[in-house]
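Asker:
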Amino acid sequence: MCQIEGHDSSHDLTTISRRTALAAGGAGLLAAVGATVLGTPATAWAQPARPVADDLDVYVIVTDGMNPGELNPAQAPTLNRWADHGTRYTSAQAHMIAETLPNHTAMMTGVFPDRNGVPSNSIWDHAAGEDRTMDRADDITYPTVLERVRVETGLTTASVLSKDYLHGIFGGKASVQWAPFPLVPITDHSLDEFTVEALKRTVTDHNPRFTFVNLGDMDRFGHMDLTGYSLRAARNQAVWNSDHKLFQFEQFLRDTGRWEHSVIIVLSDHSMDWSVPENLISAQSALDADPALRGRFGIAQNGGADTFTFIGNPAERDAALARLREVVAALPGVRSLYTPEELRLGDRAGDLVATAHQGWRFSDPTPVSNPIPGNHGHEVTLPIPFFISGGHRIVRHGQVIDRPVTTRDVAPTVAHLFGLTHDDMDGSPAVEAFHL
Ligand SMILES: [Zn+2]
């Protein structure tokens, strides 16, 4: 596995203090952009890598939770125009578990969860004896391209991530890291309005050559949409608003002469499924009702998927796991059971993964633990929009590509553009999108 040598982020971490928010409403909030900046590595590399072009700025922009069908001229005119201008991939998929943290980690590492350490948003933490969110900077166990571009080429990288847990798990990776602010209560994310303003400020102040962006509104308003399961007014408004913010970002790039330097990779990390209130699966209740299972498994609930970790007497493991499969498979709404090995999820996914049918969700540990209508993590939420565009001369125009691509292909594509090795990754670069 690739190792980044000679880098210890704890030594070169400097912090730019968060500016004081002005009292004057939105303008003041926009000024409150806090960023952490890592120093340029002092170590000289024997053979520093070279980008494919000296004037290249790469942006990976994640439209969190966007469905492929929402990439159309009526709902997302800017994104649709960008996709038409560049290379549109029509068979793109997230990887399992179709959640935010594993797929953002896949994008930046190019490898499966059994190598990068992040199988799901929430895992059963064996040592702690409870479930927890994977939001720690040391949860990712494989080098990210945010680090590798910074360390191996000496170029500035940036992360502008709207969600607090994304900022946590990618802490210490990029040269410049924006801490999402202000955060919306409950959703713990920053509205796209603030995130895109922070993106412009980050680009203006630091001129990063590679920037990783997450826009959280589509996902957050999709989860929380209470206007009905078919109308989804808040979600549709969020798609349109996010698209408009990206229109403004394009204008910013054009106005500052950066558009001609830009390669823009846009994708979502998963799509979204909606369930009616009664379509919930409470696995914990079923386990508690079974004497052979009660107290023997820890459950990490991930919306459209549950992971089960055996916590009983090791001698009873095989029998308990066999019984678990029978009981969970019989629950209404359960679609499939997998071993973590089948999905290449690694040890942190425990001993068994269960997924929901379309229109269903898990709610654990209690039937009221997950009341939200919008969920993902299960198979129906794997398809994602994915295109490569931008104003740089290497960007190919007007292509539609049907071959399957995935979130794991982003890191090798970025590595390829910056002249870094990517043979060790599980994904492969989207080379057909470029004149190279
Ligand atoms: Zn997400």
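One rule links them: number in my numbering = place in the sequence shown (from 1) + 135. C-beta atoms are modelled at their ideal positions from N, C-alpha and C, and glycine is treated no differently.
Smallest Cα separation from I416: which of V348, H396, T490 and L381?
Answerer: Cα-wise, what sits closest to I416 is T490.
Asker: What runs of the beta strand (DSSP E), each 3 residues or longer, lie entirely inside the segment 276 to 333?
Answerer: Complete beta strand (DSSP E) runs here, min 3: 292 to 296 and 311 to 313.
Asker: When the distance is taken between beta carbons, is S406 closer than 8 Å to P518?
Answerer: Taking 8 Å as the Cβ cut-off, P518 and S406 qualify as a contacting pair.
Asker: Among the residues of its own chain, which have a CB less than 7 Å from the CB of F569, if the five just before and after it don't count?
Answerer: Cβ within range, chain order: I529, V530 and R531.
Asker: For the beta strand (DSSP E) containing T442, list its first residue and its last residue.
Answerer: Taken as a continuous stretch (DSSP letters only), the beta strand (DSSP E) holding T442 covers A440 to F445.
Asker: What do you reckon, is the C-beta of G512 under 7 Å from a heavy atom of ligand 1?
Answerer: False, no ligand heavy atom lies under 7 Å from that Cβ.
Asker: So the candidates are E265, L173, Y224 and A170; which of them puts its Cα closest to the Cα of T442?
Answerer: Of the listed residues, the one whose Cα sits closest to T442 is E265.
Asker: I need the residues with a C-beta less than 6 Å from some heavy atom of ligand 1; please give them in chain order.
Answerer: Answer in sequence order: D199, G200, T235, D354, D404 and H405.
Asker: Return the residue from the list S524, D561 and E567 that minimises the CA-CA distance to V195.
Answerer: Comparing Cα-Cα distances from V195 to each of S524, D561 and E567, the minimum goes to S524.
Asker: Three-state secondary structure (DSSP) at I409?
Answerer: What sits at residue 409 in the sequence shown is Trp, not Ile. It is a strand residue.
Asker: Helix, strand or coil for R543? Go by DSSP, reduced to three states.
Answerer: If DSSP states are grouped into helix, strand and coil, R543 belongs with the helices.
Asker: Using the C-alpha atoms, what's the distance from N238 back to T292?
Answerer: Each residue's alpha carbon lies about 19 Å from the other.
Asker: Contact between the segment 445 to 459 and the segment 421 to 434: three or more CB pairs below 8 Å?
Answerer: Yes: at least three Cβ pairs fall under 8 Å.
Asker: Return the CA-CA distance between Q269 and F305, expressed in angstroms with no decimal places.
Answerer: According to the sequence as given, residue 269 is Met; it is not Gln. Going by the C-alpha atoms only, they are around 11 Å apart.
Asker: Between the beta-carbon of F347 and the beta-carbon of L290, is there less than 8 Å?
Answerer: Against a cut-off of 8 Å, the Cβ pair of L290 and F347 comes out as no contact.
Asker: Whole beta strand (DSSP E) runs in the segment 349 to 430 with 3 or more residues, listed along the chain?
Answerer: Runs found: 397 to 402.
Asker: Please report the straight-line C-alpha distance between Q312 and P343, rounded to a whole angstrom.
Answerer: If you take the alpha carbons of Q312 and P343, they lie about 11 Å apart.
Asker: Going by the DSSP bridge assignment, what does S257 pair with across the sheet?
Answerer: Beta-bridge pairing links S257 to T268.
Asker: Pull up the distance between the alpha-carbon of N505 and that of L422, whole angstroms please.
Answerer: In a straight line, the C-alpha of N505 is about 18 Å away from that of L422.
Asker: If you draw a straight line from the alpha carbon of L350 to that of V462, how long is it in whole angstroms?
Answerer: In a straight line, the C-alpha of L350 is about 39 Å away from that of V462.
Asker: Take the Cβ of R389 as the centre, count every other Cβ of all protein chains shown within 10 Å, and call the residue buried at 16 or more, exposed below.
Answerer: Exposed, because fewer than 16 other Cβ atoms sit within 10 Å of the Cβ of R389.
Asker: By the DSSP assignment, the alpha helix (DSSP H) with R250 in it spans what residues?
Answerer: Looking at the DSSP string, the run of the alpha helix (DSSP H) that includes R250 is P248 to N251.
Asker: Using the C-alpha atoms, what's the distance from V535 back to H358?
Answerer: So the alpha carbons of these two residues sit roughly 30 Å apart.
Asker: Within the same chain, show all residues whose beta-carbon is closer than 8 Å to that of V319, passing over the 5 residues directly before and after it, in chain order.
Answerer: Correct list, in chain order: S325, L326 and R355.
Asker: Could you have a look at G204 and say whether DSSP puts it in helix, strand or coil?
Answerer: Looking at G204 - three-state DSSP - the assignment turns out to be helix.
Asker: Identify, in the order they occur along the chain, each residue of the same chain with its Cβ nearer than 7 Å to the Cβ of A162, setting aside the five sequence neighbours on each side.
Answerer: Low confidence applies to A162: its pLDDT is 36, below 50, so where it sits in the model is not reliable, and the reading given next is rough at best. Result list for A162: empty, nothing under 7 Å.
Asker: Could you tell me the alpha carbon to alpha carbon distance between K298 and D323, rounded to whole angstroms?
Answerer: Taking the straight line joining both Cα atoms gives about 6 Å.
Asker: Using alpha carbons as the reference points, say which of A272, R271, H341 and P208 lies closest to S310.
Answerer: S310 has its Cα closest to that of H341, out of A272, R271, H341 and P208.
Asker: Do H557 and G200 have their CB atoms nearer than 8 Å?
Answerer: Not closer than 8 Å, so no.
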